[in-house]
Amino acid sequence: MTDARTDWNSRIGIRTGVSFAGNAPELVAPDGLVAVAGGAQVTLDWKPVDGAVGYQVHVAESADGPWSELDHAGRDVLAVPHPPYVDTTGTPGEERWYAVASLSDVHVEGALSAPVSAVPLASAGTVTVSVDTGSDLGELDRPWRPMIGSEHLSHALSTDTTGGRVVGEELSTALRAAHEELGVTHVRAHGILCDDLAVYREVDDEPVHDFTGVDRVYDHIRSLGLYPVVEVSFMPHDLASDPSKTVFDYDAIVSPPKDWGRWHDLVRDLTAHLVERYGDEVVEHWSFEVWNEANLEVFWSGTPEEYLRLYDVTVAAVRAVDDRLVVGGPSSAAAGWVEELLAHAEETGVPVDFVSTHTYGSPPLDFRPTLARYGREGTPIWWTEWGVTPTHFNEVSDAVFAGTFLLRGMASSMGRIEALSYWVVSDHFEELGRPPALLHGGFGLRTVGELRKPRWWALAMLERLGPRRLATSLTGDGAGSLVEVISTRDTGITTLLWNLTLDQTKAAGSDELARDVRLEVTGLEPGATYQLVHERVDQLHSNVAAAWGRLREDGQDWPTEEQWAQLRAADRLEEAEPAGAFVADAAGTVSIELTLPMPAMSLLTLS
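Here is the structure:
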């Protein structure tokens with residue numbers, strides 16, 4: 016039998032059918048494309064196009080082409096939701112041509128813009144960041160709080176060990192920490208209907224429903240302070256039209272049901288049981304998402320039309336219990352099938368209480384224009400999976416690069432996306448096999464052994480920002496595209512700075528892309544002394560991969576007890592220079608100079 020990892024790698028790129036319905040138009044090309052060269056980078060900017068969910072950047076060696084998509088090695092959707100875009104894949108001193116197309120849907124691309132060219136420079140300039148403490152842009156949006164991803168939730172009850180650590184205990188600790196330290200309220204996971212929980216079986220050809228396993232899981236999740244997003248998946252063996260169609264090491268069945276009426280009854284009875292057990296909170300706080308990534312063959316052996324039938328039947332079953340319950344989808348891979356589901360809903364009237372989809376390697380696209388075309392303005396947009404890479408066992412997941420990537424995506428999403436759920440909370444994860452070593456490129460924000468990776472620190476830094484957002488401006492080499500900023504007010508002024516390219520060929524870092532930054536905090540009391548605390552994540556600070564690299568012997572997979580103790584001592588957000596006392600000048604400005612490597616992130620609190 017083919018093992019799950021080999022099967023996954025052979026089929027993950029195969030789509031279920033094609034883009035099969037919808038009304039997405041071809042949009043005009045963006046106007047005003049400009050390319051500004053800097054040190055080892057070119058920053059592109061253009062005028063947004065009404066109706067665009069995103070933009071695809073193209074490159075060529077001449078103005079006449081041939082043109083190809085600019086590949087920043089994200090391994091999924093390469094389009095971006097808005098300008099600016101920083102290209103670091105070129106060579107200093109060599110001219111490169113650019114053009115940009117608008118997308119009305121991830122599959123519907125318009126004509127290319129007029130081309131422009133630029134030559135990246137060999138030497139870098141500086142970046143100046145100004146923070147206006149007298150401003151108030153309103154409450155800071157926090158799209159990481161509504162949801163986080165996890166391995167199938169029965170894993171949180173496992174008494175097995177990985178690397179000598181008890182799986183369920185540590186996954187539970189990670190989930191509780193996400194709630195308590197990051198403000199996360201909900202967890203989304205696969206497989207609540209899988210056979211390990213024995214939800215459904217047939218005896219003498221009659222259905223038997225048993226929700227005691229589901230109760231154990233959801234009681235546990237509620238005890239951690241979290242509410243579940245009920246992903247209605249996968250297919251129980253006795254209800255599957257083809258039980259041989261599976262995914263993952265735990266053989267989740269991905270075929271349509273053999274009997275649609277029995278599927279309806281299972282979902283209806285499960286929903287009724289949850290409402291009876293947990294009461295009004297199911298209506299007020301829970302939600303139901305229909306399946307997972309049915310637009311990939313590896314997750315759905317049926318047709319696209321059969322998925323829409325699954326959606327209709329599932330929604331009807333949930334709403335049969337209480338028409339206030341929240342249900343949505345399409346829970347698709349690579350930003351697909353949103354257009355198709357909305358077109359279907361327009362024709363049939365089936366409810367879509369939220370739109371959910373996934374992407375990796377780029378900030379999420381902007382589906383507000385799509386919703387507007389269907390008269391659904393204000394429908395919540397949930398990216399129920401998002402991350403730096405869709406690839407299991409990819410070392411970028413353990414790197415500082417992934418932390419700064421997380422900051423860029425969250426900043427991009429503020430004000431336009433209700434939930435951006437990072438996939439996943441812990442390296443206790445077994446889709447394609449359990450972790451073979453401490454740092455193995457796992458999806459988790461925390462390692463086996465509960466050490467925080469740079470991505471965890473990125474969310475922790477975001478969560479520590481104040482409630483009110485301040486106006487900022489950036490000028491210089493890569494300002495706003497390579498180097499970005501969020502600044503807030505609370506009892507002090509907290510500013511989060513980071514340096515990142517989407518180009519994953521430079522995930523290990525690039526000296527050419529480091530930037531000297533001058534941070535100017537204005538509107539302070541002239542002559543007053545302020546204390547600066549500077550916390551940093553980079554190759555040398557707050558970096559579990561670097562710490563383990565210093566301790567690890569060749570060929571060693573797991574730490575010794577002594578090494579675990581050393582790693583735990585290093586598991587903290589570390590302080591860096593500059594720090595200490597700063598005096599505001601006669602104009603009420605404090606100026607702070609620092610260097611930001613690429614990648615790096617700095618949290619600077621002035622009080």
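Using the numbering used here, the final residue of the sequence shown is 622, and nothing's skipped along the way.
All residues carry an ideal CB built from backbone N, CA and C; glycine is no exception.
Nothing here was measured: the structure is a model prediction, and the numbers come from that model.
Within the stretch 223–281, note down every full alpha helix (DSSP H) run reaching 4 residues or more, in order along the chain.
At a cut-off of 4 residues, the continuous stretches assigned as alpha helix (DSSP H) that sit fully inside the stretch 223–281 are 227–238.
Tell me the rounded alpha-carbon separation between residue 577 and residue 563.
The residue labelled residue 577 in the question sits at position 562 within the sequence shown. The residue labelled residue 563 in the question sits at position 548 within the sequence shown. The straight-line gap from Cα to Cα measures roughly 12 Å.
Given a threshold of 16 other Cβ atoms within 10 Å of its Cβ, counted over all protein chains shown, does residue 622 qualify as buried or as exposed?
Residue mapping note: residue 622 aligns to position 607 of the sequence shown, counting from 1. Answer is exposed; the Cβ neighbour count stays below 16.
Helix, strand or coil: which one does DSSP assign to residue 497?
Start at 1 with the first residue of the sequence shown, and residue 497 comes out as number 482. Coil, per DSSP.
C-alpha gap between residue 624 and residue 186, whole angstroms
Since the displayed the chain opens at 16 and closes at 622, residue 624 lies outside it and no answer follows.
Would you identify the three-state DSSP class for residue 582, choosing helix, strand or coil?
Taking the sequence shown and counting its residues from 1, the one referred to as residue 582 is at position 567. In the structure shown, residue 582 sits in a helix (DSSP, three-state: H, G or I).
Let's test the definition: count the other Cβ atoms within 10 Å of the Cβ of residue 529 and tell me whether it reaches 16, buried, or not, exposed.
Along the sequence shown, one-based indexing puts residue 529 at 514. By the neighbour-count rule (16 or more Cβ atoms within 10 Å), residue 529 is buried.
Are residue 53 and residue 538 closer than 8 Å when you measure CB to CB?
As a first step, residue 53 must be located in the sequence shown, where it is residue number 38. As a first step, residue 538 must be located in the sequence shown, where it is residue number 523. Contact flag unset, no.
Own chain, CB closer than 7 Å to residue 88, minus 5 neighbours either side, in chain order:
One-based indexing of the sequence shown puts residue 88 at position 73. 518, 519 and 520.
Backbone secondary structure at residue 288 - three-state DSSP:
Numbered from its first residue, the sequence shown carries residue 288 at position 273. In the structure shown, residue 288 adopts helical secondary structure according to DSSP, grouped into three states.
Pair within 8 Å by beta-carbon distance, residue 437 and residue 402:
Your numbering for residue 437 matches position 422 in the sequence shown. Your numbering for residue 402 matches position 387 in the sequence shown. Contact: yes.
According to the neighbour-count rule (16 or more other Cβ atoms, all chains shown, within 10 Å of its Cβ), is residue 62 buried or exposed?
Numbered from its first residue, the sequence shown carries residue 62 at position 47. Flag for residue 62 reads exposed.
Would you mind reading off the limits of the beta strand (DSSP E) that contains residue 372?
Residue mapping note: residue 372 aligns to position 357 of the sequence shown, counting from 1. In the DSSP annotation of this structure, the continuous segment of the beta strand (DSSP E) that includes residue 372 starts and ends at 370–375.
Taking Cβ positions, are residue 595 and residue 540 nearer each other than 8 Å?
Position 580 of the sequence shown holds residue 595. Position 525 of the sequence shown holds residue 540. Residue 540 sits away from residue 595, with the two beta carbons spaced by 8 Å or more.
Just to confirm, is the Cβ distance from residue 607 to residue 547 under 8 Å?
The residue you call residue 607 lines up with position 592 of the sequence shown. The residue you call residue 547 lines up with position 532 of the sequence shown. Closer than 8 Å, so yes.
Thinking C-beta only, is residue 257 closer than 8 Å to residue 217?
What you label residue 217 is simply residue 202 of the sequence shown in a count that begins at 1. What you label residue 257 is simply residue 242 of the sequence shown in a count that begins at 1. Taking a C-beta distance under 8 Å as the contact criterion, residue 217 and residue 257 do not qualify as a contact pair.
Proximal residues to residue 290 (C-beta, below 7 Å), its chain only, five neighbours per side dropped
As a first step, residue 290 must be located in the sequence shown, where it is residue number 275. Around residue 290: 297, 336 and 337.
So which of 323, 364, 329 and 123 has the shortest CA-CA distance to residue 245?
Start at 1 with the first residue of the sequence shown, and residue 245 comes out as number 230. Closest by C-alpha distance to residue 245, out of 323, 364, 329 and 123, is 329.
In angstroms, rounded to a whole number, what distance separates the CA positions of residue 272 and residue 552?
To locate residue 272, count along the sequence shown from 1; it is residue 257. To locate residue 552, count along the sequence shown from 1; it is residue 537. Straight-line measurement puts the Cα of residue 552 at about 48 Å from the Cα of residue 272.
Report the rounded CA-to-CA distance for residue 431 versus residue 154, giving the unit in angstroms.
Numbered from 1 along the sequence shown, position 416 holds the residue referred to as residue 431. Numbered from 1 along the sequence shown, position 139 holds the residue referred to as residue 154. It is roughly 14 Å from the alpha-carbon of residue 431 to the alpha-carbon of residue 154.
Could you check how far apart the C-beta atoms of residue 348 and residue 308 are, in whole angstroms? I think they sit under 8 Å.
Working through the sequence shown from its first residue, we reach residue 348 at position 333. Working through the sequence shown from its first residue, we reach residue 308 at position 293. Contact holds; Cβ gap of about 4 Å.
Would residue 171 pass as a contact of residue 235 if the rule is Cβ separation under 8 Å?
Position 156 of the sequence shown, counted from the first residue, corresponds to residue 171. Position 220 of the sequence shown, counted from the first residue, corresponds to residue 235. Contact: yes.
Local Cβ density within 10 Å of residue 18, reported as buried at 16 or more and exposed below that
In the sequence shown, residue 18 corresponds to position 3, counting from 1. Classification for residue 18: exposed.
How many whole angstroms separate the CB atoms of residue 497 and residue 56, which I take to be in contact at a CB cut-off of 8 Å?
Numbered from 1 along the sequence shown, position 482 holds the residue referred to as residue 497. Numbered from 1 along the sequence shown, position 41 holds the residue referred to as residue 56. Indeed, because the Cβ distance is near 6 Å, the residues count as touching under 8 Å.
Within 10 angstroms of its Cβ, does residue 29 collect 16 or more other Cβ (buried), or is it exposed?
Here residue 29 is taken as the residue at index 14 of the sequence shown, counted from 1. Exposed: under 16 other Cβ atoms inside 10 Å.
Selected residue, minimal CA-CA separation from residue 367, among 343, 64, 591 and 46
Taking the sequence shown and counting its residues from 1, the one referred to as residue 367 is at position 352. Closest option to residue 367, Cα to Cα, is 343.
Straight-line Cα distance separating residue 505 from residue 151:
Residue numbering aside, residue 151 sits at position 136 when the sequence shown is read from its first letter. Residue numbering aside, residue 505 sits at position 490 when the sequence shown is read from its first letter. A straight line joining the alpha-carbon of residue 151 with that of residue 505 spans about 12 Å.
The alpha helix (DSSP H) with residue 90 in it runs from where to where?
Sequence index remark: in the sequence shown, residue 90 carries index 75 (1-based). Where residue 90 is concerned, there is no enclosing alpha helix (DSSP H), because DSSP gives it neither an H nor an E.
Going by the CB atoms, is the gap between residue 525 and residue 469 shorter than 8 Å?
As a first step, residue 469 must be located in the sequence shown, where it is residue number 454. As a first step, residue 525 must be located in the sequence shown, where it is residue number 510. No, the Cβ-Cβ distance between residue 469 and residue 525 is not below 8 Å.
Buried or exposed by the 16-neighbour rule on C-beta atoms within 10 Å, applied to residue 378
Sequence index remark: in the sequence shown, residue 378 carries index 363 (1-based). Around the Cβ of residue 378, a 10 Å sphere holds 16 or more other Cβ atoms; the residue is buried.
Using beta-carbon positions only, say whether residue 419 and residue 515 come within less than 8 Å of one another.
The count along the sequence shown starts at 1 and reaches residue 419 at position 404. The count along the sequence shown starts at 1 and reaches residue 515 at position 500. In this structure, residue 515 lies closer than 8 Å to residue 419 by Cβ.
So who's on the other strand from residue 398, going by DSSP bridges?
To locate residue 398, count along the sequence shown from 1; it is residue 383. Note: residue 398 sits in a beta bridge opposite 372 and 435.
Host beta strand (DSSP E) of residue 24 (start-end)
On the sequence shown, position 9 is the one that residue 24 refers to. Not the beta strand (DSSP E): residue 24 falls in the alpha helix (DSSP H), residues 19–26.
Backbone secondary structure at residue 195 - three-state DSSP:
Residue 195 sits at position 180 when you count from the first residue of the sequence shown. Correct three-state label for residue 195: helix.
Verify whether the separation of the beta carbon atoms of residue 108 and residue 134 is less than 8 Å.
Taking the sequence shown and counting its residues from 1, the one referred to as residue 108 is at position 93. Taking the sequence shown and counting its residues from 1, the one referred to as residue 134 is at position 119. It is a contact, given that the beta carbons lie within the stated cut-off.
Suppose you measure from the CA of residue 389 to the CA of residue 360; what does that come to, to the nearest Å?
Translated into positions along the sequence shown, residue 389 becomes position 374. Translated into positions along the sequence shown, residue 360 becomes position 345. For residue 389 and residue 360, the distance between alpha carbons rounds to 9 Å.
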